[in-house]
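Enquirer: Would you mind keeping the following structure in view while I ask a few things?
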Amino acid sequence: MYRQGCFIYLGDVTNINHNQRMTLAYILLQAINQTAQPTVTIWTVIAVAATIISAFSAYQSRGFAKKSYELAQQNYGDRQADFSLYLHEAYRWSTQAEPIKKILLFHVAVFNKSDSKSSFKADLEIEYIRDDDSVARVIIHHNENHKSEIPKDSISAFPNDIRVEERGMMSKWLMFEQPQNAFAGYRIDKYTIKVTDTQGNCQTSECSIIKEFANG
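Be aware that the sequence shown starts at -19, since it is given in my numbering, and climbs by one per residue.
Written as structure tokens, this is what we have:
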């Protein structure tokens, strides 16, 4: 806008929306009406220019805030669990050689629903009831090395560091050594498989009955 030797540069307004253009047009009309008065001064023109710049900056700031919010929402979604867990069956295997060990076996499937390869770890939580009816828990880590103690070719163990391809599925066995005499005289209430990804998200699956695996 140029009047009485004064030039006001409004910047690039091609990237603003219709409502913003209408608002700026209104401000420009007000500026033209004001500068048409005989008493107008250079300070009036500067004040109008400052008002236009302030309004335009407010529109830009609102756009930046919206983009920041959208990025924050996306980052939050990326951190959420994007996998599932399914428990097929559960067994207990007792070794024959001394010292006798009890290996708990859980046949599970891990479904990775994300668009990138994911890593997981697996734990077993055993909940049992004490004599005073209080509830206690013990947590055991999956150990693929127990596979050597089970002479069953059909048993394929998950690695300790479970990696599943993007949009993929892996179905194998999780193996845990039951602590010796930890539950003597107590009633085991339930077994909970807990699979956790690198972001700390977890999925669980429970069962209350474990079948005995024949040693034959």
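C-beta: ideal position from N, C-alpha, C; glycine also. Source: prediction; values computed, not measured.
#1: Please give me, in chain order, every unbroken run of the beta strand (DSSP E) with length at least 3 that falls completely inside the segment 124 to 172.
#2: I'd like the list of long-range same chain contacts for Arg117, defined as Cβ closer than 6 Å, with 5 residues on each side in sequence excluded.
#3: Rounding to the nearest angstrom, what Cα-Cα distance links Ala70 and Asp95 in this structure?
#4: Is it the case that the Cβ atoms of Ser109 and Arg167 are separated by a distance below 9 Å?
#5: DSSP beta-bridge partners for Ile119?
#6: Can you have a look at Asn140 and say buried or exposed, based on whether 16 or more other CB atoms are within 10 angstroms of its CB?
#7: My assumption, with CB atoms under 8 Å, is that His126 sits in contact with Phe138. Please give the rounded CB distance.
#8: Measure from the alpha carbon of Ser64 to the alpha carbon of each residue in Ile173, Glu129, Ser188, Ile190, then state which is nearest.
#9: Closest to Asn161 by CA distance: which of Thr31, Pro79, Ala38 is it?
#10: Out of curiosity, what's the CA-to-CA distance linking Val175 and Phe100?
#11: Cβ of Lys152 within 9 Å of Cβ of Val88?
#12: Residues in its own chain within less than 8 Å of Phe163 by CB, not counting five upstream and five downstream?
#13: Here's the rule: buried if 16 or more other CB atoms are within 10 angstroms of the residue's CB, otherwise exposed. What is Asp133?
#14: Apply the 10 Å Cβ neighbour rule to Ala194 and answer buried if 16 or more other Cβ atoms are within range, or exposed otherwise.
Expert: This is what the structure holds:
#1: 142 to 144, 149 to 157
#2: Taking the sequence shown and counting its residues from 1, the one referred to as residue 117 is at position 137. Closer than 6 Å at the Cβ level, and outside the excluded window around Arg117, lie Glu105, Glu107.
#3: The count along the sequence shown starts at 1 and reaches residue 70 at position 90. The count along the sequence shown starts at 1 and reaches residue 95 at position 115. The straight-line gap from Cα to Cα measures roughly 30 Å.
#4: For this step, residue 109 is matched to residue 129 along the sequence shown. For this step, residue 167 is matched to residue 187 along the sequence shown. Sequence check: residue 109 is Ile here, not Ser. Contact: yes.
#5: Along the sequence shown, read from residue 1 onward, the residue named residue 119 stands at position 139. Looking at the DSSP assignment, Ile119 forms a beta bridge with Glu105.
#6: By 1-based counting over the sequence shown, the position of residue 140 is 160. Exposed, by the Cβ-count rule.
#7: Working through the sequence shown from its first residue, we reach residue 126 at position 146. Working through the sequence shown from its first residue, we reach residue 138 at position 158. Contact flag wrong, Cβ pair sits at about 11 Å.
#8: As a working mapping, residue 64 is identified with position 84 in the sequence shown. Comparing Cα-Cα distances from Ser64 to each of Ile173, Glu129, Ser188, Ile190, the minimum goes to Ile173.
#9: Here residue 161 corresponds to residue number 181 of the sequence shown, with the count starting at 1. Answer by Cα proximity: Pro79.
#10: Within the sequence shown, residue 175 is the residue found at index 195, counting from 1. Within the sequence shown, residue 100 is the residue found at index 120, counting from 1. For the pair Val175 and Phe100, the Cα-to-Cα distance works out to about 6 Å.
#11: Indexing the sequence shown from 1 puts residue 152 at position 172. Indexing the sequence shown from 1 puts residue 88 at position 108. Cβ distance < 9 Å, so Lys152 and Val88 count as in contact.
#12: Position 183 of the sequence shown, counted from the first residue, corresponds to residue 163. Excluding residues within five positions, the ones whose Cβ falls inside 8 Å are Ile106, Tyr108.
#13: Against the sequence shown, residue 133 aligns to sequence position 153. Exposed, because fewer than 16 other Cβ atoms sit within 10 Å of the Cβ of Asp133.
#14: Here residue 194 is taken as the residue at index 214 of the sequence shown, counted from 1. The residue in question, Ala194, is exposed, as its Cβ has fewer than 16 Cβ neighbours within 10 Å.
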